[in-house]
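The next block holds one structure in the form of structure tokens; read it before the comments.
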Amino acid sequence: MPTPSSDGESPAVMFTSDRTFRVWRYGIGHSQLLLRAVPDSMDTACLDLLFEGVSAMQLVQQYKSIEVCSASEVEAEEILGFSGAEPPVRELLLPVVLRSTSGSGFVLCRSVTALRGGEDPVGSDSDSEDRSVVWSSRPQT
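As structure tokens, this is what we get:
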């Protein structure tokens, strides 16, 4: 896990949710990671965090009350170093830090999107479920 910055720089919280997200699927061929919060007594729809173009990650099994944060400069350098990404590619990648009451981690990706929709806790692979984009982020180039 990257070392939190001690220079007073606090990373921006880009997305937050009180729901519990679990590592749901990772597809190495498409470099996609899916963290899913399944429906419960409070929420009747799934809430997904879809990371695309994943180059590196370090995760815990679940995230309770997740915060998706932009990495500080120090954290970003550690994540990029861990990944082995070279300079021309680095500018295309988004280092994201995941924080929660149950653990922390990071994902280095090309984009991350929060999607709401679907009532199937198993998660249908078809696009037949109605889903809407709640939030999305890409690297600023």
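Under the UniProt record's numbering, the first residue of the sequence shown carries the number 1, and numbering increases by one thereafter.
A virtual CB, placed ideally from N, CA and C, is assigned to each residue, including glycine.
Problem - Selected residue, minimal CA-CA separation from E135, among H30, V68, D120, P39 - result: This sequence places Trp at residue 135; Glu is not what is there. It is V68.
Handout entry: Rounded C-alpha distance that separates R25 from L35
Key = Straight-line spacing of the CA atoms in R25 and L35 works out to 7 Å.
Exercise for the section: For P11, count neighbouring C-beta atoms within 10 Å of its own C-beta (all shown protein chains included) and say buried if the count is 16 or more, exposed if not. Expected result: P11 should be labelled buried.
Handout entry: Validate contact between the segment 90 to 101 and the segment 53 to 69 using beta carbons, cut 8 Å, 3 pairs
Key = The segment 90 to 101 makes contact with the segment 53 to 69; the number of CB pairs closer than 8 Å reaches 3 or more.
Practice task
Take every Cβ of the segment 98 to 105, pair it with every Cβ of the segment 72 to 84, and state whether three or more of those distances are shorter than 8 Å.
Solution key: Between the segment 98 to 105 and the segment 72 to 84 there are fewer than three inter-stretch CB-CB distances shorter than 8 Å, so the stretches are not counted as touching.
Problem - Through-space distance from L33 to G27, alpha-carbon basis - result: 7 Å
Exercise for the section: Spell out the partners DSSP gives W135 in its beta bridges. Expected result: Among the bridge pairs identified by DSSP, W135 is matched with A114.
Exercise for the section: Taking only the alpha-carbon atoms, compute the straight-line gap between H30 and L49 and give it to the nearest angstrom. Expected result: 15 Å
Exercise for the section: Reducing DSSP to helix, strand and coil, say where G81 ends up. Expected result: helix
Exercise for the section: Look at the Cβ atom of R19, then the Cβ atom of I66, and state whether they are nearer than 9 Å. Expected result: yes
Problem - Simplified DSSP assignment, three categories, for P95 - result: In the structure shown, P95 sits in a strand (DSSP, three-state: E or B).
Practice task
May I ask you to report which of helix, strand or coil DSSP gives A76?
Solution key: helix
Handout entry: Where residue 155 sits in the DSSP three-state scheme
Key = There is simply no residue 155 to check, as the chain begins at 1 and stops at 141 in what is shown.
Practice task
Kindly identify the DSSP beta-bridge partner or partners of S100.
Solution key: G103
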